[in-house]
Structure formats: C-alpha cells, structure tokens
Amino acid sequence: MRKSLVWSAVAAVGLSLGLAATPAVAAPLAVESAVPQNLSPEVQQIVDNLPAMRARAEAVRERLGLSDNPVRDALLAAIDPTQYECSSATPPVVAAILPDTSTWTFEQRLAVLHVLLFDIAFLDAVYFPQSGPLTYGVRGEFTHTVNKTFANLKGFWDIPSGDVELVPAHGRIMLDAERDYRVFTVLYGADPTASRVSADLVARELNSATLGYGDLPVFTFNAYAAPGGEDIPGYGLSHRRIAYGDGVLEGFARIGLGDVAPQAILAHEFGHQVQYSDGLMRTDLPAPEASRWAELMADAFSAYFLTHARGEAMNWKRVQAFGQMFYQLGDCGFTGAAHHGTPNQRTRSALWAYGVADAARPQGHILPALSFYALFAAQYPRLIAPDATT
C-alpha cells in the first residue's frame, strides 16, 4: 500500500510501522479546491489559514522526519522499481478501515484534513505526558495482550529497555480542544489565533457519530517508535516511547488477524528500539534504502521473537498469519524516504527469521541482538533480491 501516513525510517525522532490511508481517503479531503460559499466567519478563517498551517506542518514534519520526502531519479539506481512485484489493489486491512466520506459535511472534511495533516493523536501520544490507566483498543480489548507482549519483549532482547514507555494513541483525545491546540502550537509552532479556531473545529466536528467520536480507525492507523531526546518547549526532553494506535489494532482485527497482529506490530516497533540502542541504522545509504534496511530488520526482529520458544512461541499456522500481515504492509514506494520494502521482501524477512528461531539448538537459547543482526546483515542481499514475476 502507499502511503499517506508514513514517516522517515532514518529520522532521529522515530520510526513508523508504515501503515497508511489510501488516496480513497485523501482525495475527498482536498477542501481547498471546492470551498462552499457563505461559510461562517469562523470556518472561513480556518480555510484562509489552511495554506499557512499546511506549510508549517510540512516544514516541521520535515524537521522531525515525519513526512514523505521523495527522492527522484538519482536514487532509482539504488532501488529499481521495475524488478519488484507490487499490486495496485487496496490491501484488505486498508479497505477494512476506510470510512464512507460521502455524507461528510464540509466542516467535517476540514476537521479530518487537520487530523491527518498534523497526526494529532500520534504526536500527542509520542511527545506529551500521558495519564493512566493506559488501555489499548477503543474498548480496551487489547490491553492484556499488548501489556503482556511488551513485558515479554523487555525480557527477551538484551538491550537497556527500562526507560522504554508504551503508550496508546486514542483518537478520542482529539475531542479535547486544548490537546489539539497544544499539538498545533507547541510541536508545530503554529500561530496561536489560527490554532485556537482550528483546535475548536477539530474537537467540535469529531464529536459526532459520523466521525466515530474521534475513534475512526483511520485516525490512529499506525504504530510508532521514538528514541526520545527531542527538546519539547515547556516539557523538556521527550521520552523513549512506542505509541500504539487503536486504529491499527482494529483494522487487523476486522480481517481476522486480531490474534497475531497486536503482538507482531508491537514486536516490530520494539525492534526499532533495539536498533536505536545498538546503533544499527545505516546513515550511509540513500533515504529509501536506509528505510528499507531498518524496516526489514525490524520485521525480522519481530518474527524471531514471535516464533522463538522463549518469545511468543507461535506455531506455523500463526507464522503464516503474520506473514500475511507483513505482506499487506509492503509497498513499492521506491523513491520515498519512508520505503518499507515490497510485500514479498517483508514476508521473506519474517519467514527467514522464523527459520532462524526454528533451527536454534538448544531451542531455549536467545541470540543476542547484535548476533541476530549479523545474521540479518549477511542475509539481506537475498531478502531484497528482485522478485518480479513478469
């Protein structure tokens, strides 16, 4: 799939799982091209401010590594898109969470445009204090599984992880205009007056059944690992965190992968924390290739944990299920700075790691992270080999 909500895998701030809305969501929200007449003064002010707000959002996302930054012809030599297999079809998990936008009012579209443009729920979760109890899933239905998996991951990998925090990203927090305002002004440095009217719009319009009272899955369809250390004005240095969106949990549950996706996604994000701790990023590579390197490695870290006897100990049937999950998360955005690997490459990485865990003798032995990394690095050329069938 490709790619509206994607972030650079080599940014200092963090890594995403690479989940995305599709153009079917983005296209109806292009409000600038069809602005109704006779808007209220407040809504007209928001429309007038939108170009400046978008420009600031894109500039800040660029600085934080949170935006697509396509690298064109010069990088095609590094990744040749003619040699890899990708489908243009919408992946089932994306289709499962796409909302029906046909009945949305102009104000609702404008509010959702702000939500998607500024990633409000995720940035609130990553950078600001979070109060408990911390639950996962709109109804808290994944809380036990997520917390248990997180505890297991901390005991499995040999990195200092006591300071890694796990927090939920709930769409409903956007019903609080003050939290929306804080994201606009503190993180994006947007104009306070414009931010106030935009924050009020988002909180007001999302508070409806049509927009799920903020909890439409598309609003939080991601998971995100951040290394911490960003200086947030008024809040000090950000924490080392994994933010887990309700939307991604809901999306995979809708397509029958709710018994494997919560563990697999969290293990992938924890794999990024292993990378941060052990310095495993490749800053010497062009952005798309550096991203693919990091993401396929995180897939492998995830699959090794999921199938290891002292990890989640998943059987072959469940291995096939998370192989399907990783396949759906692949992309052919070869020139994009957030390229995550093709569907086949992501599946290969997961299945290769399963083989490493399955062949381990004794079964209870856990490879140190750096030893597993060395195996991955040696295997990497085969994982990314051309796979096109035509």
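Mapped onto mature numbering (1 follows the signal peptide of the UniProt record, and there is no 0), the consecutive letters of the sequence shown carry residue numbers -26 to -1, 1 to 364.
Glycine included, each C-beta is placed from N, C-alpha and C at the ideal position.
Every value quoted in this text rests on a predicted model; they were computed, and no experiment measured them.
Please classify residue i as buried or exposed, where buried requires at least 16 neighbouring CB atoms within 10 angstroms.
i	result
S62	exposed
L211	exposed
L344	exposed
T123	buried
Y237	According to the sequence shown, residue 237 is Gln rather than Tyr. Buried, by the Cβ-count rule.
N196	buried
G230	exposed
A351	exposed
A274	buried
W290	exposed
residue 365	With the chain covering -26 to 364 only, the question about residue 365 has no answer from this structure.
D154	buried
G163	exposed
P103	exposed
S105	exposed
P260	buried
E16	exposed
G179	According to the sequence displayed, residue 179 carries Glu and not Gly. It is buried - the Cβ of E179 has at least 16 other Cβ atoms within 10 Å.
E286	buried
What residues in its chain sit with their C-beta under 8 angstroms from that of residue i, if we drop five residues either side in the sequence?
i	result
T77	T184
Classify residue i as helix, strand or coil using the three-state DSSP reduction.
i	result
residue 383	The structure shown does not extend to residue 383, since the chain is modelled only from -26 to 364, so the question has no answer here.
Y301	helix
I239	helix
Y278	helix
R322	helix
L211	strand
Y58	coil
G221	helix
Y198	strand
N181	coil
E81	helix
S251	helix
S172	helix
P66	helix
Q337	coil
P317	helix
P262	helix
Y110	coil
L344	helix
R256	coil
E286	coil
W267	helix
L90	helix
A164	coil
L357	helix
T117	helix
G310	coil
I133	coil
G230	coil
F193	helix
Whose C-beta lies closer than 6 angstroms to the C-beta of residue i among residues of the same chain, with five residues either side of it excluded?
i	result
Q247	V138 and A199
G251	Before going on, a small fix: residue 251 reads as Ser here, not Gly. Same-chain partners within the cutoff: I133.
P317	Y301 and G304
Q19	V171
T117	T109 and Y110
Y328	A277, T281 and V293
Give every residue of the same chain whose Cβ lies closer than 7 angstroms to the Cβ of residue i, excluding the five residues on either side of it in the sequence, and list them in chain order.
i	result
L357	L270, Q319, R322, S323 and W326
L190	P73 and G145
H213	E139 and G202
L97	V157 and L161
D205	L211
A51	With a pLDDT of 36 at A51, under the threshold of 50, the predicted position of this residue should be treated as unreliable, and no value is reported.
From the DSSP output, which residues share a beta bridge with residue i?
i	result
D205	L211
I216	L140 and A199
message: Can you confirm whether the segment 162 to 173 touches the segment 67 to 83 when touching is taken to mean that 3 or more C-beta pairs between the two stretches lie within less than 8 angstroms?
response: no
task: Would you be able to state if there are at least three C-beta pairs under 8 angstroms between the segment 216 to 223 and the segment 97 to 115?
output: yes
query: Three or more C-beta pairs closer than 8 angstroms, one from the segment 120 to 136 and one from the segment 233 to 247: is that the case here?
result: yes
- prompt: Touching or not, the segment 282 to 292 and the segment 331 to 340, by the rule of three or more beta carbon pairs under 8 angstroms?
  reply: yes
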